[in-house]
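> The structure's right below; bear with me while I get my questions together.
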Amino acid sequence: MQINRWTRTLVAGAILIGCASASQEPPAPQTETMTPAQEAEVRAIMAAIYLPRGAAPNSLAILPAPPEPGSAAQARDDAAALEAQALRGTPRFALAASDADLSLPHAIQAFTCALGVEVSEAATPHTYTLLRRTMADIGLSTYPTKTKYQRTRPFVVTSTPTCTPDDEAFLRHDGSYPSGHSAIGWGWALVLTEVAPERQNEILARGRAFGQSRVVCNVHWLSDTEEGRVMASATVARLQSAPEFRADLEAARAEITAARAAGSAPTNDCAAEAAQLAG
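Read in order, the letters of the sequence shown correspond to residues -22 to -1, 1 to 257 in mature numbering (1 follows the signal peptide of the UniProt record, and there is no 0).
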C-alpha cells in the first residue's frame, strides 16, 4: 500500500506552494528531507494542478475550528467513532483499507463500478488525466486548516487500531481536520458526475462512502470527513472557471460516452464491492 508516499507528496506540495502560514511550525513529516526522486515527484504533481497559487479556495476562511473537547460536536464525533469500531473485521472494514490507498491507478479504480466504465491511463487517458490533476488541487485545499489545528486523530485518542497499521506512525503527526482523503473522494465524485451525469447517484454515493471509509478505518473523525467534503465542493466549484479543467472535462465526457457505447465495463468485482458497502 502506498498511502504514505502519496499523502507525503501532498504534504510536501502544501509546503512547496506555501499553503502553511509562515508563522506556523509544519508537522513533523513535512520536515523530512526528500530524495531527488521524491522532490521530482512533488514538483511534477504541483506542475499538473489546474489552479495557480492563490486562486484556490482558502480553507481557513471557509471552515470553522474543529470541535472542542467536551462539546456536543465532539460527542457526536465520539459516537460515530465508537459505532465504526463495530465494523472491524467486516467486509466494510476491508473496503476502508482499500480506500485508504491513494496510489494511482488504485484510487481511481474505486470509482469504476459507480461509473460503469473501466478507467485507465491507456484506455481512457483524458479521464485518467482529469482525475490525476484534480487530485492535487482538491487534496491540497485541506492543508492550511490541517496545519493550523493539527487535530489529533481518533486512533491516537482512543488507543485503538486502524485498518492501515503501517501508516499510523505518519498519521500521528498529520492533522486530522479536515480529511484530505474525503475531499479527494467527494471532489472526484463531483467531477465524475459532470463526466457521466447519467450515473450521478451511483457516483455520489461512492464518493460519500469513500470519505466514510476514513471513519470506518479509525483515522478520521466524522466532522473531518464532512468538512473535507466542503473543501472539495468549494474547490470543484472554483475549477469550473479554469479553462484547462473545462477542456479536460469535455474531453473526458466524450471519452466515457464513447467507451460506454463500445461496451467498456469495470474489471473490478462490482457485486463484491456492493456487498462491502452494504455491510
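From the three backbone atoms N, C-alpha and C, an ideal C-beta is built for every residue, glycine too.
Identify whether histidine 84 lies in helix, strand or coil by the three-state DSSP scheme.
If DSSP states are grouped into helix, strand and coil, histidine 84 belongs with the helices.
> What residue ranges within the region 183 to 235 form continuous alpha helix (DSSP H) runs of no fewer than 4 residues, ordered along the chain?
The qualifying runs are 200 to 217.
> So, helix, strand or coil for arginine 131, using DSSP?
Note: arginine 131 maps to coil in three-state DSSP.
> On the DSSP letters alone, give me the boundaries of the alpha helix (DSSP H) that cysteine 91 sits inside.
Run containing cysteine 91: 90 to 93, per the alpha helix (DSSP H) assignment.
> What does the alpha-carbon distance come out to for the pair threonine 105 and alanine 232?
Spanning the two alpha carbons is a distance of roughly 10 Å.
> What is the residue span of the alpha helix (DSSP H) that glycine 165 lies within?
Run containing glycine 165: 158 to 173, per the alpha helix (DSSP H) assignment.
> Can at least three beta-carbon pairs, one atom from the region 144 to 152 and one from the region 29 to 46, be found at a separation below 8 Å?
No, the region 144 to 152 does not touch the region 29 to 46.
> Rounded to a whole number of angstroms, what is the C-alpha to C-alpha distance between alanine 237 and glutamate 96?
In a straight line, the C-alpha of alanine 237 is about 8 Å away from that of glutamate 96.
> Using the Cα positions of threonine 112 and glutamate 204, report the straight-line distance between them to the nearest angstrom.
If I take the Cα positions, the gap works out to 19 Å.
> Does the region 179 to 196 come close enough to the region 223 to 231 that 3 or more CB-CB pairs lie under 8 Å?
Result no; under three Cβ-Cβ pairs closer than 8 Å.
> Going by CA-CA distance only, name the one from Leu255, Val208 and Thr171 that's closest to histidine 159.
Among Leu255, Val208 and Thr171, the Cα nearest to that of histidine 159 belongs to Val208.
> Rounded to a whole number of angstroms, what is the C-alpha to C-alpha distance between alanine 256 and alanine 210?
If you take the alpha carbons of alanine 256 and alanine 210, they lie about 25 Å apart.
> Between which residues of its own chain and serine -2 is the CB-CB distance below 6 Å, once the five residues before and five after are set aside?
Low confidence applies to serine -2: its pLDDT is 38, below 50, so where it sits in the model is not reliable enough to give any reading.
> State the start and end residues of the unbroken alpha helix (DSSP H) segment that holds histidine 151.
Where histidine 151 is concerned, there is no enclosing alpha helix (DSSP H), given that its DSSP letter is neither H nor E.
> Can you list, in chain order, the residues of its chain whose CB lies under 6 Å from that of threonine 90, leaving out five sequence neighbours each side?
Counting only Cβ-Cβ distances below 6 Å, and skipping sequence neighbours, we find Glu96, Val97, Pro244 and Asn246.
> Specify the secondary structure class of alanine 51 as computed by DSSP and reduced to three states.
Three-state DSSP puts alanine 51 in a helix.
> So, helix, strand or coil for asparagine 179, using DSSP?
Asparagine 179: helix per DSSP, three-state reduction.
> Going by other Cβ atoms of all chains shown within 10 Å of its Cβ, with 16 needed for buried, is serine 157 buried or exposed?
Buried, because 16 or more other Cβ atoms sit within 10 Å of the Cβ of serine 157.
> Does the region 188 to 197 come within contact of the region 74 to 83, defined as at least 3 CB pairs closer than 8 Å?
Touching, per the Cβ criterion.
> For the structure I just gave you, are there three or more beta carbon pairs, one from the region 36 to 45 and one from the region 108 to 128, closer than 8 Å?
Enough Cβ pairs lie closer than 8 Å, so yes.
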